[in-house]
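Novice: If you count by mature numbering (1 follows the signal peptide of the UniProt record, and there is no 0), then the sequence shown holds residues -23 to -1, 1 to 367, one letter each, in order. Each residue gets a CB set at the ideal place from its N, CA and C atoms; glycine is no exception. Treat the numbers as computed from the prediction; the structure is a model and nothing was measured. Dropping the structure in here first, questions after.
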Amino acid sequence: MKHLFYTFISGLLLIGNIQSSNAQDYPPNPLEKEGYRLIFHDEFDGKEINTDKWIPEYLPSWPKDRSVCAPTYEMKNGIIRLIIDKNSKNEFDKGMHISGFMSASRTGLHHYDPKKKALHQIKTEATQINQYGYYEMRAKMQDGGGVHCAWWLIGFEDDPNQSCEIDIFEILGTDINRIWSTVHSWKDSTIQYHTEHPWFANKKLAEEFHIYGFDWTPEGVTVYVDGIQVMKHKAAITYPLIQIISFYDNRKAKDGWTGTYDPTIPYPKSFDIDYIRMYKKIPEGYKSIPENDLRITSIEPACLQVAEGKATLRNIDGHITRELLYTPSFVNVHYNDGTTTQQFVEWEPLNEEAFEKVQKEGTVIVDGQIKGLPESLLKGQKATLIITIK
């Protein structure tokens, strides 16, 4: 992926020192969290987005020119700054400029507009996919009409109905000290829409770094700002979700949700992120284990059941992949500290012979490569998909 970077003259103080001192910044939390195991983190200490941790694109199925999906950003002093400049080439849709990145991607993911069709076939890949746990981001927002910053989770749509969306936050430039936290059902009829949007009198979200936390359990979801609960909702989300981090500048905004575009706000505009972390809660009866002593105790096989003669390849707007519709994209991996992670799997593609087999009553076994775990943990273990036809 070719990354787009911007060079600014030294007089632009906005870019000069990304992590400038501010007495009101909420301090970062320690990396370790008591009672939890850290399963993913990015402190953004490099110079480019780490492609072992992120997909450096934003919903690439939908715009005519896929190149506009690449993020424009700068990484400096342990901060990633998503940038939209006056001359940015990332106009995603009708005046909406977007800079963002994701933890997974596939053809047709997040079909937000039923009038649109997927214009590009996208490789199915994920650097992280997760169900349950605690997420945390330390970040600073951007003010101004037409602008908003977002951190959100969506279903990876192995089943197209597994499409719920959780907006951990959407923060609008016209109402900069208010956080919108929302659960959208989309095609998932088991989830109810819910939103809360408290306003903070004592925080300046566009001038200061603050910590945004998200706790997801089988019972529901809770959002925090600097440890203060701002949203809680009962929602039994029974499938893994992926992350999207995105920054928007709508230059055609007029009296809409994000207000009216304000041409007086100077460019470049930015959304600054210090870190993103994910943790798994250690279950009762277990204790934290040093990383060197962590072991895999079992890997659950993925299972798919299809009716005889009805097996169908995944087909999104004419883009066909050599995998069956509803094939799980992950396996559950269990560890000796009692935790379970969801790991993306690259399954062996179904050739013509295998596709004929899954049309007839019986069982077909497919092997897959588990992604996102070191070989020191995997020790050569592979994933198994059991396809039952009856």
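1. Could you tell me whether the segment 249 to 260 touches the segment 45 to 56, where touching means 3 or more Cβ pairs closer than 8 Å?
2. Contact between the segment 267 to 276 and the segment 311 to 327 is defined here as three or more beta-carbon pairs at a separation below 8 Å; is this criterion met?
3. When the Cα of Y263 is compared with those of V283, Q1, Y13, P5, which residue comes out closest?
4. Could you round the C-beta distance between T104 and D29 to whole angstroms and report it? I think they count as a contact, below 8 Å.
5. Take T159 as the anchor and find which of I143, N67, T167 has the nearest alpha-carbon.
6. From the DSSP output, read off the bridge partner residues of P210.
7. Please list the terminal residues of the continuous alpha helix (DSSP H) segment that includes L355.
8. Just verifying my parser: in three-state terms, what is the DSSP assignment at R83?
9. In angstroms with no decimal places, state the Cα-to-Cα distance between C141 and P351.
10. Using a Cβ-Cβ cut-off of 6 Å (strictly less than) and excluding sequence neighbours within five positions of L(-20), which residues of its own chain qualify?
11. For S(-3), which residues from the same chain have a beta carbon less than 8 Å from its beta carbon, with the 5 sequence-adjacent residues on both sides left out?
12. Report yes if the CB atom of L36 is closer than 8 Å to the CB atom of G132, and no otherwise.
13. Determine, using beta carbons only, whether F69 and I26 come nearer to each other than 8 Å.
14. Tell me A288's beta-bridge partners as DSSP assigns them.
15. Could you check how far apart the C-beta atoms of T361 and P267 are, in whole angstroms? I think they sit under 8 Å.
16. Using beta-carbon positions only, say whether I61 and K246 come within less than 8 Å of one another.
17. Who are the near neighbours of K100 in its chain, counting only those whose CB is closer than 8 Å to its CB and skipping five residues on each side?
18. Exposed or buried, S76, counting other C-beta atoms within 10 Å across all chains shown (16 or more means buried)?
19. Alpha carbon to alpha carbon, what distance is there between V198 and T241?
20. Apart from the five residues just before and just after C280, which ones in its own chain have a Cβ nearer than 6 Å to its Cβ?
21. Please classify T172: does DSSP put it in a helix, a strand, or coil?
22. Is F186 helix, strand or coil when you go by DSSP?
23. Let me confirm a value: W176 is counted as buried when at least 16 other C-beta atoms fall within 10 Å, else exposed. Which label applies?
24. Measure from the alpha carbon of residue 433 to the alpha carbon of each residue in F191, E196, P243, G204, then state which is nearest.
25. Over what stretch of residues does the beta strand (DSSP E) that includes A331 continue unbroken?
26. Three or more C-beta pairs under 8 Å: does that hold for the segment 111 to 125 against the segment 231 to 239?
27. Among G345, K367, N328, whose alpha-carbon lies nearest the alpha-carbon of G357?
28. Is R291 near P326, with beta carbons less than 8 Å apart?
29. State the DSSP-derived secondary structure class of R299, mapped to helix, strand or coil.
30. Identify which residue in V335, V308, T365, H296 has its Cα closest to the Cα of K94.
31. For N6, which residues does DSSP report across the bridge?
32. State the Cα-Cα distance for the pair F17 and M73, rounded to the nearest angstrom.
33. Under three-state DSSP, which class holds D152?
34. One question on the structure: do E147 and A116 come within less than 8 Å of each other, judged by their Cβ atoms?
35. Name the DSSP bridge partner or partners of G77?
36. For E9, which option in Y112, E102, N107, I32 has the closest C-alpha, if you only look at C-alpha atoms?
Specialist: According to the data block:
1. yes
2. yes
3. Y13
4. 6 Å
5. I143
6. Looking at the sequence shown, residue 210 is not Pro but His. Paired residue(s): V198.
7. 352 to 355
8. It is coil, neither helix nor strand.
9. 30 Å
10. Residue confidence is low: L(-20) scores 36 on pLDDT, short of 50, so the model does not pin down where it sits. No coordinate-derived value is stated.
11. Residue placement at S(-3) is poorly supported in this model, since its pLDDT is 43, which falls under 50; the coordinates still yield a value, given next. Around S(-3): no qualifying Cβ.
12. no
13. no
14. A288 is not bridged to any residue.
15. Contact flag wrong, Cβ pair sits at about 29 Å.
16. yes
17. So the list reads S82, R83, once near-sequence residues are dropped.
18. buried
19. 38 Å
20. These residues qualify, in order along the chain: I363.
21. T172: strand per DSSP, three-state reduction.
22. Looking at F186 - three-state DSSP - the assignment turns out to be coil, as it is neither helix nor strand.
23. Looking at its Cβ environment, which holds fewer than 16 other Cβ atoms inside 10 Å, W176 is exposed.
24. Residue 433 is absent from the structure shown; the chain starts at -23 and stops at 367.
25. Looking at the DSSP string, A331 is not in any beta strand (DSSP E); the run it does join, the alpha helix (DSSP H), is 329 to 334.
26. yes
27. Ranking G345, K367, N328 by Cα distance to G357 puts G345 first.
28. no
29. strand
30. H296
31. Paired residue(s): none; N6 is not in a bridge.
32. 31 Å
33. DSSP, reduced to helix, strand and coil, places D152 within a helical segment of the structure shown.
34. no
35. S223
36. Y112
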